[in-house]
Every structure is written in C-alpha cells, then in structure tokens.
Amino acid sequence: MARIKGGLNAKKKHNRVLKLAKGYRGARSKQYRIAKQSVMRALTSAFAGRKERKRQMRSLWIARVNAAARLNGLSYSKFMYGLKLAEVDINRKMLAELAVNDAEGFAKLCEVAKAKLA
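Under my numbering, the first residue of the sequence shown carries the number 106, and numbering increases by one thereafter.
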C-alpha cells in the first residue's frame, strides 16, 4: 500500500491557528509555533474575560441602583433590605434599568422600601 504523507492535514492545522492569530504583532501572526502559543493564551484569556464581564456588569447595576436610591433618600443596602421585607423580587439588572429609564417607577419602589423599613 502506498504511503500517504500528512502534509495537507498539517497545513490545514497550521492555517487554522494562523487565521486565529491574524492581527497579532510580528512573529505571533506569521510563525506557527509562536502563533499557537499566543492563540492558546488568547483563548484562555477570552474565557476568563467572559466571566469578568459578568462581574463588571453586576457592579455597574449596583452603582446605578445606589445612585438612584440615594436620590430618593435611601442607601443601596437599606433600599435592597426594604425591598426584601416588602417581598419585591426584582433583580439588580431590572432595578438598574428602572433607575435609568423610569425615575417615577423607581421612586415608587423606594417609597415601598421606606414604608417597610419604618
């Protein structure tokens, strides 16, 4: 049986990695061995970055809710505790959305929280 060389498969593998490394600086986008290391690290960082983005968004929502609550005479922690006592179950993302786009609705929630705290 004739021997089949692996050149085509190796070329495809190299091109796949080099395509991912497109735009990298210098040898990182030209040489397979260096590009492979850069791509592996970049993919790891991308995974970590997706997790980090979720944390950053939550802290942004909390900052927005805190700012809006303080405009209505409450701190963030007292506002959230008041909502918990009033059994209002709205997540921070929606509270931040209300704080930015619907000030009157958020003010009503603040009144509900204040009433339960008093």
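Backbone N, C-alpha and C define an ideal beta-carbon position, used for all residues, glycine too.
What are the start and end residues of the alpha helix (DSSP H) that includes residue i?
i, result
"residue 182", "181–190"
"residue 126", "No alpha helix (DSSP H) holds residue 126; DSSP gives it neither H nor E."
"residue 132", "Note, residue 132: premise wrong, no alpha helix (DSSP H); not H, not E."
"residue 206", "197–206"
Measuring CB to CB, does residue i end up less than 8 Å from residue j?
i, j, result
"residue 188", "residue 218", "yes"
"residue 166", "residue 198", "yes"
"residue 191", "residue 221", "yes"
"residue 115", "residue 144", "no"
"residue 123", "residue 147", "no"
In three-state terms, what does DSSP make of residue i?
i, result
"residue 107", "coil"
"residue 137", "helix"
"residue 223", "coil"
"residue 112", "helix"
"residue 210", "helix"
"residue 217", "helix"
"residue 120", "helix"
"residue 178", "coil"
"residue 193", "coil"
What do you get for residue i, buried or exposed, if any count of 16 or more other CB atoms within 10 angstroms of its CB means buried?
i, result
"residue 169", "buried"
"residue 152", "exposed"
"residue 172", "exposed"
"residue 185", "buried"
"residue 208", "exposed"
"residue 113", "exposed"
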